[in-house]
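Let me begin by presenting the structure, written as structure tokens, before commenting on it.
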Amino acid sequence: MGKREVIRIVRLTFSSATITEFEKLYEEHEEGISSQPGCIEVKLVEDASNPYVRATISKWVDEASLNNYRKSELFGIVWPKTKALFGNKPEVWTYVNEE
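Residue numbers (my numbering): 2 to 100.
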């Protein structure tokens with residue numbers, strides 16, 4: 002068995018009143034998130050049919066790296082600010098890619 006990269010998709014729903022604020026927040030912290038130990042890449046995508054829905058897609062070298070980020074000071078800053086902007090509960094999917 003080889004390495005198990007982890008791909009995390011988080012679907013986020015906002016409102017017309019909060020989407021711009023979220024995009025600014027993401028832009029402000031994207032570099033910090035992508036430079037976390039074990040982060041291969043992170044990107045923000047827009048839903049094709051709903052302009053207030055975004056998803057973050059992040060790839061990590063392993064599950065431990067993702068979990069370390071989730072326990073980090075940066076996550077403790079970004080996630081509460083993001084949660085305050087939600088129009089609906091987020092949906093999360095985690096996948097592994099064995100190489």
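Glycine included, each C-beta is placed from N, C-alpha and C at the ideal position.
9 Å Cβ cutoff met for residue i and residue j
i     : j     : result
Leu13 : Val79 : no
Glu42 : Ser36 : no
Lys60 : Val7  : yes
Residue interval of the alpha helix (DSSP H) (run including residue i)
i     : result
Val79 : 74-84
Glu31 : 20-35
Ala65 : 64-71
Residues near residue i by beta carbon distance below 7 Å, same chain, minus five either side
i     : result
Ile20 : Tyr53
Pro91 : Val11, Arg12, Leu13
Close beta carbons around residue i, own chain, < 6 Å, minus the five adjacent residues each side
i     : result
Thr57 : Val11, Leu45
Phe23 : Phe15, Leu86
Tyr27 : Leu45
Residue range of the beta strand (DSSP E) that includes residue i
i     : result
Tyr96 : 92-99
Among the options, nearest to residue i - alpha-carbon criterion
i     : options                    : result
Asp63 : Gly39, Glu47, Phe76, Thr83 : Gly39
Integer-rounded CB distance, given that residue j should sit under 8 Å from residue i
i     : j     : result
Gly33 : Leu75 : 5 Å
Thr95 : Arg9  : 5 Å
beta-carbon residue i near the ligand FAD non-hydrogen atom, thresh 8 Å
i     : result
Tyr70 : Ligands displayed in this structure: none; no statement on the ligand FAD is therefore possible.
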